[in-house]
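Enquirer:
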Amino acid sequence: MKWQTFTLSLFASAGLASPVALDASPKVYALRLSSQTQSLNGKYLGVNGTLVGVYKNSPSVLRFYPVPSADDKKADAGLVELHTYPSGAVDHALALVGAESHGLMDLTDVVNPAASNFPKGTKCDWTSFSLNKNKNSVAYAGGSGKWVAFPSGTAGGEWSVKWKSSTAMTIETYMPVDVVYEEVEKVGPVTSEFGVSS
């Protein structure tokens, strides 16, 4: 009888200690721009190197799934992290990266941001995004400001997306934009403006 009780308790404790699988298939979203500027409006975002924007050589449309912020206070406030999809052996998340003194941060695909090191004075924030479900828009809750798109590269028609703080001063030309998200199932097989299917 002791052996049966021991075996039963061993199986019960193993069952209790097993991790509980969260949603095996999270909702996945694509990002695109909304803008008064016709050449930007409706353009899907991709990645060039690590920078997020509208790029001719981006192999596919950027997709992400939201998870509650790792920072408990931020999670309680409804803030999320935007992890790229599909996820591989190493986690990727979208982050705003830039020199704190400039007030202009690049929307960036960062590999394992919690373990990444950045130069002194460089801020990397991946835990402070909010999703407005009424407008389907992405906002940054880490400071007042707005999304902007800067011309990128020499080919023309390419744009990098940045967060411009309300105190940032720049002489470069940029366009104000909104970053919006769409559930991938509703979008269907999305194709970038350059005809690259994702």
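Residue 62 in our numbering sits at position 62 of the sequence shown, and the numbers go up by one each step.
Ideal Cβ placement from N, Cα and C applies to all residues, glycine included.
It should be emphasised that the depicted structure is a prediction, and the values quoted were computed from it without experimental measurement.
Tell me, which residues are paired with W126 by DSSP?
Expert: For W126, which the question treats as bridged, DSSP gives no partner whatsoever.
Enquirer: How many whole angstroms separate the CB atoms of V80 and P66, which I take to be in contact at a CB cut-off of 8 Å?
Expert: Going by Cβ atoms, the distance from V80 to P66 rounds to 4 Å, so yes, they are a contact pair.
Enquirer: Counting beta carbon pairs with one atom in the segment 95–105 and one in the segment 32–47, are three or more of them shorter than 8 Å?
Expert: The segment 32–47 vs the segment 95–105: no contact.
Enquirer: Taking all protein chains shown into account, decide if S166 is buried (16 or more other Cβ within 10 angstroms of its Cβ) or exposed.
Expert: The residue in question, S166, is exposed, as its Cβ has fewer than 16 Cβ neighbours within 10 Å.
Enquirer: Determine the direct distance from the alpha carbon of S137 to that of H92, and round the result to whole angstroms.
Expert: Approximately 21 Å between the Cα atoms of the pair.
Enquirer: Would you check if there are 3 or more beta carbon pairs closer than 8 Å linking the segment 135–150 to the segment 115–122?
Expert: Counting Cβ pairs under 8 Å, fewer than three are found: no touch.
Enquirer: As a quick exercise: from K162, E183 and M169, pick the residue whose alpha carbon is nearest that of P176.
Expert: When only C-alpha atoms are compared, the closest one is K162.
Enquirer: Grouping DSSP H, G and I as helix and E and B as strand, with all else coil, what is P176?
Expert: Three-state result, P176: strand.
Enquirer: My assumption, with CB atoms under 8 Å, is that F64 sits in contact with L51. Please give the rounded CB distance.
Expert: Contact flag wrong, Cβ pair sits at about 15 Å.
Enquirer: Report buried or exposed for A149, applying the criterion of at least 16 other Cβ atoms within 10 angstroms of its Cβ.
Expert: Under this definition A149 is a buried residue.
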